[in-house]
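Note that my numbering gives residue 538 to position 538 of the sequence shown, counting from 1, and the numbers run on in steps of one. Where a beta carbon is used, it is the ideal one built from N, C-alpha and C, also for glycine. From a predicted model like this one, the values you see are computed outputs, not experimental measurements. Input: a single structure, listed below in C-alpha cells.
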Amino acid sequence: MYLQEKPSLRGLHFVQIDEFYPIDPRQHNSFYDYVRKFYIEGFDLDPAKALLINSEEIVLADGKHYSEVFPDNLIDLSLRNREAVGSLEKLQQESIFRIDNWCTGFEKKIRALGGIGFFLGGIGPDGHIAFNTRGSDRNSTTRLTATNFETQAASAGDLGGIEVSRTRLVITIGLGTITFNPDAVAIIFAAGDAKALVVRNALEHEPDNLYPATVLQRMKNARFYLTAGAAVQLHDSVEKYFREGEWTFEKTERAVFELCQKIDKYAHNLVLEDLKNDEYCSLIPGLSLNTVTEVIESTKRKIEAGLMTERNTTFLHTGPHHDDIMLGIFPAIIPQLRHITNKFHFSVLTSGFNAVTNTMLLELLEETQRLISVGMIQMLRYPDFFESGYKFKWDKDVSHYLDKVADKDEAGKLRGICHRIVRAMVDIYRLKSKDDLIEQIRKNIEIIRNSYSGEKNPPDIQLLKGMIREYEEELVWAHYGVLVRNIRHMRLGFYTGDIFTQQPDRHRDVKPILEYLRQIEPDIISLAFDPEGSGPDTHYKVLQAIAEALRQWSSEKDLSGLRIIGYRNVWFRFRPSEANVFVPVSLNSMAVLNQSFRDCYISQVNASFPSPAYDGPFSHLSQQVWVEQYKQVQLILGKNFFYENESPKIRATHGMVYYKEMPVDEFLQHARELEKSVEGVNIH
C-alpha cells in the first residue's frame with residue numbers, strides 16, 4: 001500500500017522515556033538531543049505536545065544550575081535518607097527532592113493523558129526497558145535513580161567511558177508508567193544472539209523483579225519483534241531447530257552436550273535411560289550408547305585438529321577492531337608463529353579510535369609536550385626528520401617499548417608511546433618543524449580540553465587516536481618477531497563514529513582488502529565469524545566487506561584450497577556443536593594473554609569500554625570464556641582424559657578455544673544468508 005503523501009503526526013503526544021542526569025541537552029550524546037533530532041524533527045511531531053527530559057529545565061535549589069549544585073556531575077542519593085552535612089550538601093539535598101518532585105510531575109502529566117498508548121523500545125543487557133534495571137519494582141514510576149554495571153557498560157560508549165557512566169544517574173519512566181494503560185501497544189525489539197538470554201527470560205520466566213520486561217506479560221497488546229538470533233534461546237526456537245528439517249550429526253552433538261550440562265553428568269556415565277528421557281536426545285535416529293561414543297570421538301577429533309601444526313603456510317589474521325584477533329584465537333596463532341616456514345600477516349580493518357578516551361589522549365599529549373621541552377624526543381634533532389625521517393624506524397618505536405616492558409621501566413614505556421605520537425602527528429598534519437609540532441600539540445590539547453566526554457572528535461583527532469590503537473596491535477605481534485610492515489591497518493571508511501554509520505562501499509572499503517589479498521596470497525584467512533549481531537554493527541560490516549573481496553578475488557583465482565578460520569571472542573560464543581576445531585589452552589597461554597594485553601593494549605588497561613558481561617579487562621573475560629568451554633569438553637571426555645593423557649599439551653590444558661574452519665564457498669554462503677537477514681543492507 002502506498003500513500004500519496006506522508007501522514008501528519010502532529011496530533012500525537014510524544015514522551016521521552018529516559019535520560020542521563022545531569023547532561024547538557026545540547027550534547028549529541030544526550031537522549032534529549034537525539035529525540036529532538038530524530039523524532040520531533042524527523043517525524044514532524046508537534047514540540048508543544050512533547051514531554052521531554054531537559055536537565056536544564058529542572059529547577060534546583062536557589063534556582064542554581066546543576067553544574068553549581070553537583071560539581072563533576074556527581075549526585076549522592078543517600079542524601080534522601082541521611083542528614084546533610086555542610087552548605088553544599090544541604091543545597092544538593094534540597095535539589096534532589098526538587099528533582100523527585102519534578103519526576104512526580106512528569107508522571108502525572110503522562111497519566112493525565114491516559115498513560116502511554118504506544119511504547120516502542122529495546123531491551124538492555126540486563127533485561128532493562130527504559131532504564132528500569134534488574135531488580136526494579138514492577139509498579140515503579142518516573143524517578144531519578146542509579147544504574148547497574150551492565151547498563152553502565154552499555155552506556156560507556158555514549159558517555160565517553162565507564163569512568164563517566166559509572167557515576168552518572170538517570171531519569172527514567174517506571175515499569176508502572178509503561179503498563180499504566182492496559183490497552184497500550186508495547187513493542188520491544190531485539191537483534192542478535194547477545195540479547196537471546198534476556199529475551200528468553202522476559203518471555204518465558206514468571207513475572208519477577210529480576211527480569212524487568214516480564215512486566216509486559218500483564219499487557220495483552222505487548223509484542224516482541226525479534227531477529228532469529230535474538231529468539232534463538234526461546235523454547236519454540238529450540239523446538240524448531242531439533243524437530244524440523246533433516247537430522248544432522250550437529251544436532252546429535254548439541255543434544256548430548258546440552259544433556260550432560262543439564263543433568264551435570266559426564267558422557268561416559270550416561271545410561272540409555274538418560275538419553276531416552278531427554279526431549280531432544282530421544283529424537284536421535286538409532287539412539288543407543290554408541291551415540292555417546294560417536295560424540296566423544298568427534299570431540300577428540302576436534303582437539304586433534306586444534307593441535308595440528310602448519311608448514312609453509314601464509315596466514316592472514318583479520319580483526320574488525322584492535323584486540324579482536326588476540327581475544328579470539330591467540331592460543332591458536334602462537335604455535336604456528338614459531339615455525340620459520342610460515343608467513344604471517346595481520347590486518348585490523350577499522351581505525352578503532354572509539355576505544356581511546358579523551359582523558360587518555362590528553363595525558364599522552366601532555367607527556368609528549370613535556371618530553372619535547374626537556375629534549376627527550378631525540379629523533380627531532382635529525383635534520384631530515386620532518387621531511388622524511390619520521391617515516392622510518394617505526395619498528396624501533398615498538399622495540400623500544402618492549403625493551404622497557406622487559407626492564408619494568410614504566411617511564412620508558414610512556415616515552416616509547418610518545419615517540420610514536422610524534423611520528424603520527426608529523427604524518428597526519430604534515431608538520432615541517434619542531435615549532436610546528438609543539439603548536440599542533442597545544443592545539444590538540446585545547447580541543448580535547450574543550451570537548452565533552454563522548455563527543456565525536458574531529459577527523460584528525462580520530463586518526464591520531466586510531467594510530468595509538470595501531471601501535472598497540474604492533475606491540476602484541478612484535479612479541480613474536482612480526483614486523484610493522486606485516487601489519488596492515490585498513491582504516492575502512494564506513495567506521496566514522498556517527499550515530500548511524502555508513503554501509504561498506506565496494507570501492508572505498510572492499511578494494512583495499514582485495515588488493516591486499518592479491519599482494520600476499522594467503523593460504524589461511526581468519527576472521528570474526530559472529531552470528532547475527534545487534535544490528536548491522538562493525539563486526540557484521542567487516543565480515544561482509546571481506547566476503548565481497550573474496551567473491552571478487554575468486555573470479556580471478558582458484559580459491560578452492562583457501563581455508564577460512566571463523567573465530568568468536570568475548571561478544572559471541574560458539575556452541576561446541578557449531579565449531580569443528582578445539583584448541584587446548586594452557587595456563588601459560590592464559591598468563592601470556594593477560595600480560596601481553598596489559599602491556600600492549602594501553603587504552604584497554606582501565607577497561608573504559610567493558611563488556612556488560614564482565615567488569616574488567618577483556619583478556620580476563622576471554623580467559624573466563626575459554627575455561628567455561630573447557631568445562632563443556634570435560635563433561636564429554638572426562639577429566640581424566642586430560643590429566644592422564646600421553647600428550648604434554650593435553651595434560652597442560654585448562655581452557656579451550658573453539659573455532660570453525662571452512663572452505664571459501666561455505667563462508668560466502670553464510671555471509672550471503674546473514675546479509676539477507678539484514679533488510680536494506682548491501683555492499684554499494
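Can you tell me the Cα-Cα spacing of residue i and residue j, whole angstroms?
i, j, result
"Val170", "Tyr516", "47 Å"
"Glu521", "Thr314", "8 Å"
"Pro536", "Lys676", "Note on Pro536: pLDDT 45, under 50, position unreliable in the model; no value is reported."
"Lys541", "Asp509", "10 Å"
"Arg134", "Glu83", "29 Å"
"Leu144", "Thr172", "7 Å"
"Trp247", "Ser586", "35 Å"
"Gly389", "Ile438", "18 Å"
"His620", "His345", "26 Å"
"His654", "Val627", "6 Å"
"Lys393", "Met376", "17 Å"
"Leu674", "Asn312", "33 Å"
"Asp236", "Glu244", "11 Å"
"Pro617", "Ala48", "46 Å"
"Ala196", "Asn277", "26 Å"
"Met379", "Asp436", "15 Å"
"Ser288", "Asn645", "27 Å"
"Phe518", "Gly566", "According to the sequence displayed, residue 518 carries Arg and not Phe. Using only the alpha carbons, I get a separation of about 21 Å."
"Gln217", "Phe131", "18 Å"
"Ala709", "Asp403", "This structure gives no information on residue 709, because the portion of the chain shown stretches from 1 to 684."
"Lys391", "Ile461", "20 Å"
"His281", "Pro22", "At residue 281 the sequence reads Cys, which differs from the His that was named. When rounded, the distance between both Cα atoms is 54 Å."
"Gln623", "Gly157", "24 Å"
"Gly493", "Pro512", "11 Å"
"Trp102", "Leu12", "23 Å"
"Gly306", "Gly328", "14 Å"
"Ile445", "Glu41", "35 Å"
"Lys413", "Asp407", "10 Å"
Less than 8 Å between the CB atoms is what I'm expecting for residue i and residue j, so what's the real figure, rounded?
i, j, result
"Leu349", "Ala545", "7 Å"
"Ala190", "Gly122", "6 Å"
"His539", "Pro320", "5 Å"
"Pro331", "Val633", "Actually they do not touch by this definition, with Cβ atoms about 14 Å apart."
"Gly638", "His268", "6 Å"
"Ile53", "Gln16", "5 Å"
"Leu316", "Ile525", "5 Å"
"Ile468", "Leu365", "Their Cβ separation, rounded to whole angstroms, is 11 Å, which puts Ile468 and Leu365 out of contact at 8 Å."
How about residue i and residue j: do their beta carbons lie closer than 8 Å?
i, j, result
"Tyr66", "Ser55", "yes"
"Ala184", "Gly115", "yes"
"Val232", "Leu175", "no"
"Thr691", "Leu527", "Beyond the ends of the chain as shown, which are 1 and 684, falls residue 691; an answer cannot be given."
"Leu159", "Arg200", "no"
"Gly416", "Tyr429", "no"
"Arg10", "Asp44", "yes"
"Arg423", "Asp395", "no"
"Thr685", "Ile421", "Because the chain here runs from 1 to 684, residue 685 falls outside it and cannot be looked at."
"Thr179", "Ile110", "no"
"Lys300", "Val581", "no"
"Arg551", "Asp523", "no"
"Pro125", "Glu107", "no"
"Gly127", "Ala202", "yes"
"Ile263", "Arg223", "no"
"Asp193", "Pro531", "yes"
"Leu703", "Val664", "The displayed coordinates of the chain run from 1 to 684. Any statement about residue 703 would go beyond what the structure contains."
"Arg491", "Ser351", "yes"
"Gln152", "Ser140", "no"
Requested in this report: Run through the region 24 to 65 for me and flag every whole alpha helix (DSSP H) of 4 or more residues, listed as ranges in chain order.
Outcome: 31 to 35
Query raised in the report: In the region 152 to 185, which residue ranges form an unbroken alpha helix (DSSP H) of at least 4 residues, counting only runs that do not cross its ends?
Result: 162 to 165 and 175 to 179
Query raised in the report: Between the region 286 to 302 and the region 559 to 575, do three or more beta carbon pairs fall short of 8 Å?
Result: no
Query raised in the report: At a cut of 8 Å, does the region 573 to 592 reach the region 251 to 261 through at least three beta carbon pairs?
Result: yes
Query raised in the report: Does the count of Cβ pairs from the region 473 to 486 and the region 589 to 605 closer than 8 Å reach three?
Result: yes
Requested in this report: May I have a chain-ordered list of the alpha helix (DSSP H) segments no shorter than 4 residues that lie completely inside the region 519 to 580?
Outcome: 538 to 554, all fully within the region 519 to 580.
Query raised in the report: Given 8 Å as the limit, is there contact between the region 31 to 45 and the region 70 to 78, that is, 3 or more CB pairs closer than that?
Result: no
**Report entry** Any alpha helix (DSSP H) of 4 or more consecutive residues that is wholly inside the region 645 to 676
**Finding:** 648 to 651
Query raised in the report: Would the region 145 to 152 and the region 205 to 224 be scored as touching if the rule is three or more Cβ pairs under 8 Å?
Result: no
Requested in this report: Return the chain-ordered ranges of every alpha helix (DSSP H) run that is complete within the region 344 to 402 and spans a minimum of 4 residues.
Outcome: The qualifying runs are 358 to 373.
Query raised in the report: Can we say the region 19 to 31 touches the region 450 to 468, given the rule of at least three CB pairs closer than 8 Å?
Result: yes
Query raised in the report: Enumerated in chain order, which unbroken segments of the alpha helix (DSSP H) with a length of 4 residues or greater are wholly contained in the region 293 to 338?
Result: DSSP runs (the alpha helix (DSSP H)) wholly in the region 293 to 338: 324 to 337.
Report task. Return the chain-ordered ranges of every beta strand (DSSP E) run that is complete within the region 579 to 611 and spans a minimum of 3 residues. Result -> DSSP runs (the beta strand (DSSP E)) wholly in the region 579 to 611: 581 to 586.
Query raised in the report: Which full runs of the alpha helix (DSSP H) of 4+ residues lie inside the region 459 to 513, going along the chain?
Result: 459 to 478
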